[in-house]
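UniProt numbering puts the first residue of the sequence shown at 1, with every later residue one more than the last.
Report on the structure given below.
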Amino acid sequence: MEMPIPDAGVLARKDRVVARLQGALPADAVIHDQAETRAYECDALTAYKCPPMVAVLPTTTQEVSDVLRICHEEGVPVVPRGSGTSLAGGALPTADCVILGVARMNDVLETDYENRTIKVQTGRTNLSVTGAVEENGFFYAPDPSSQLACAIAGNIAMNSGGAHCLKYGVTTNNLMGVTMVMMDGEVVEVGGGHMDSGGLDLLGLICGSEGQLGVVTEATLRILPKPEGARPVLMGFDDNEVAGACVSDIIKAGVLPVAIEFMDRLCIETCENFAHAGYPMCEALLIVEVEGSEAEIDHQLSLIMEIARRHNPVELRESKSAEESALIWLGRKSAFGAIGQINDYMCLDGTIPVSSLPFVLRRIGEMSKEYGLRVGNVFHAGDGNMHPLILFDANKPGDLELCEEFGAEVLKLCVEAGGCLTGEHGVGIEKRDLMTFQYAPEDLEAQMAVKDVFDPQWLLNPAKVFPLAVSEQRRSVAMAAE
Numbered sequence: 001m002e003m004p005i006p007d008a009g010v011l012a013r014k015d016r017v018v019a020r021l022q023g024a025l026p027a028d029a030v031i032h033d034q035a036e037t038r039a040y041e042c043d044a045l046t047a048y049k050c051p052p053m054v055a056v057l058p059t060t061t062q063e064v065s066d067v068l069r070i071c072h073e074e075g076v077p078v079v080p081r082g083s084g085t086s087l088a089g090g091a092l093p094t095a096d097c098v099i100l101g102v103a104r105m106n107d108v109l110e111t112d113y114e115n116r117t118i119k120v121q122t123g124r125t126n127l128s129v130t131g132a133v134e135e136n137g138f139f140y141a142p143d144p145s146s147q148l149a150c151a152i153a154g155n156i157a158m159n160s161g162g163a164h165c166l167k168y169g170v171t172t173n174n175l176m177g178v179t180m181v182m183m184d185g186e187v188v189e190v191g192g193g194h195m196d197s198g199g200l201d202l203l204g205l206i207c208g209s210e211g212q213l214g215v216v217t218e219a220t221l222r223i224l225p226k227p228e229g230a231r232p233v234l235m236g237f238d239d240n241e242v243a244g245a246c247v248s249d250i251i252k253a254g255v256l257p258v259a260i261e262f263m264d265r266l267c268i269e270t271c272e273n274f275a276h277a278g279y280p281m282c283e284a285l286l287i288v289e290v291e292g293s294e295a296e297i298d299h300q301l302s303l304i305m306e307i308a309r310r311h312n313p314v315e316l317r318e319s320k321s322a323e324e325s326a327l328i329w330l331g332r333k334s335a336f337g338a339i340g341q342i343n344d345y346m347c348l349d350g351t352i353p354v355s356s357l358p359f360v361l362r363r364i365g366e367m368s369k370e371y372g373l374r375v376g377n378v379f380h381a382g383d384g385n386m387h388p389l390i391l392f393d394a395n396k397p398g399d400l401e402l403c404e405e406f407g408a409e410v411l412k413l414c415v416e417a418g419g420c421l422t423g424e425h426g427v428g429i430e431k432r433d434l435m436t437f438q439y440a441p442e443d444l445e446a447q448m449a450v451k452d453v454f455d456p457q458w459l460l461n462p463a464k465v466f467p468l469a470v471s472e473q474r475r476s477v478a479m480a481a482e
């Protein structure tokens, strides 16, 4: 995936842009030394790197507005950045861009327990939102695996989910309002501390838009009372497809666990060595958690375990303590980091109907043998959000390209099975040229027409989401018309 070649005048105008940004922000908020900008040359998709022209770290919505107004006037592209944990290259810079990082914007602005909302700056990390309210018996539901580090800004951009999204939904189901700065510096308010806004569903449009429409600086989020209790159960199977069929049967039975997580043998062994969670050594492992009162938990688990027994599990074990439950989830939450300790890998993100799990898992196994690359499967099985981890050797010539080819075929498989290219990682640069596989030309045109309205010059987060040739042509036409 090649990034666009910077305009010939990039270096010539850099000094002017830096001077204007320094006039609008504190001195330490403008990073323009070439060596220092390398800290922003990639996100968690580290296979692709490109240092930005400048990086800025504002602390207020007004400062973000000033930055965007300057960049708009100068015709400089802007790449919004939360914590840089994107696995799809969503925050990858171009050489002529300004990285706008919101990491210093991490304050809690307002907490309303009576109406169950919290308003935060979007540089605040996911887990620290719960940290701000848990003493009062509340929590923030979306919990991506990177929740210790990922920012609310990125969660909104990619519509992130997490292990417990089966019951509580993803970011869009827990986002009530935003303050967003348009590319020309205009500040707009969408939604707020109430359930639904009248008129067009602009909030639904913004959530998941990957920084294409504006920069979200503040967010009003739904917080929920902590449940009385929760308990996971481990289900071990001797076959991936059987585990997939068990998931499908649980969902069909109308039981609603708070989470159903899937791990295959490679992930089980690696996570067990890392976290010592007490996982059974088998071909496939399900972590199924329910919550509520003790009576509710017992009732739900009895139904779920009855379904599991029909699939002849090699192990079926309830957690016996809060400490054991914490270890079980530590192992699952550590999966990506644990695999990273043993191998280079590319983490995919596709979504399929739950009923297609057995077929898709079988095909991934077959494709793994065809390509000669191992795959670790760990994902949110309850809503069909898959995260195959394709292992490769970054130092072996051609291995990355082979991995990318394999990954593209897996994502196409998801679409063919009735799903889509992404669940929570977004499109970024990783999947932009696969968009034509899922969408017809007129569908893509409709999406790009929306961007035309919000960002007429196509300066926000360039070279992402839409096929590169199409988006660069759109950008060139828009700039020429100015």
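Cβ coordinates follow ideal geometry from the N, Cα and C atoms, glycine included.
Here the structure is a predicted model, which means the values were calculated and not measured.
Residue burial classification, residue i (beta-carbon count within 10 angstroms, cutoff 16)
i, result
"V453", "exposed"
"A284", "buried"
"Y279", "buried"
"F466", "buried"
"Q300", "buried"
"H387", "buried"
"F406", "buried"
"M281", "exposed"
"P397", "exposed"
"N312", "exposed"
"V129", "buried"
"Q473", "exposed"
"D264", "buried"
"R81", "buried"
"D455", "buried"
"Q194", "Correcting the residue type first, residue 194 is His in the shown sequence and not Gln. With fewer than 16 Cβ atoms within 10 Å of its Cβ, H194 is classed as exposed."
"T46", "exposed"
"G376", "buried"
"D196", "exposed"
"E2", "At E2, the pLDDT of 46 sits below 50, so the modelled position is not reliable; the number obtained from the coordinates is stated separately. It is exposed - the Cβ of E2 has fewer than 16 other Cβ atoms within 10 Å."
"S471", "buried"
"F437", "exposed"
"E366", "exposed"
"R222", "buried"
Anticipated Cβ contact below 8 Å, residue i with residue j, distance rounded
i, j, result
"A132", "V108", "5 Å"
"A277", "G331", "3 Å"
"I31", "A12", "Between A12 and I31 the Cβ distance is about 20 Å, and since that is not below 8 Å, they are no contact."
"P225", "N174", "About 14 Å separates the two Cβ atoms, so there is no contact after all."
"A480", "Q457", "Not a contact, Cβ separation roughly 10 Å."
"I260", "I307", "That pair is no contact at about 11 Å."
"V415", "I364", "About 14 Å separates the two Cβ atoms, so there is no contact after all."
"A381", "L357", "7 Å"
"L213", "K431", "The pair is not a contact, with the Cβ atoms about 19 Å apart (cut-off 8 Å)."
"V215", "L57", "Between L57 and V215 the Cβ distance is about 13 Å, and since that is not below 8 Å, they are no contact."
Check whether residue i and residue j have beta carbons under 8 Å apart
i, j, result
"F262", "V314", "no"
"L68", "C347", "no"
"P144", "N115", "no"
"T94", "P441", "no"
"D344", "F392", "yes"
"K464", "G428", "yes"
"C97", "V120", "no"
"L373", "C71", "no"
"A153", "T172", "no"
"A230", "L286", "no"
"E210", "V178", "no"
"P51", "T60", "no"
"S334", "A275", "yes"
"T85", "D43", "yes"
"I352", "A417", "yes"
"L303", "V247", "no"
"L421", "I328", "no"
"L203", "G191", "yes"
Residue i - partner residues in DSSP beta bridges
i, result
"F379", "F262"
"I152", "Answer is none; I152 lacks a bridge partner."
"I99", "A55 and V79"
"C420", "T351"
"A219", "V120 and V178"
"G236", "L285 and E315"
"D66", "According to DSSP, which records beta bridges pairwise, D66 is partnered with nothing at all."
"N385", "T351 and H380"
"M346", "I390"
"T125", "A151"
"V30", "V56"
"L224", "F139"
What are the start and end residues of each continuous beta strand (DSSP E) run of 3 or more residues lying completely inside the stretch 415-479, in chain order?
none
Ordered list of beta strand (DSSP E) runs contained in the stretch 163-211, each at least 3 residues:
175-181 and 187-191
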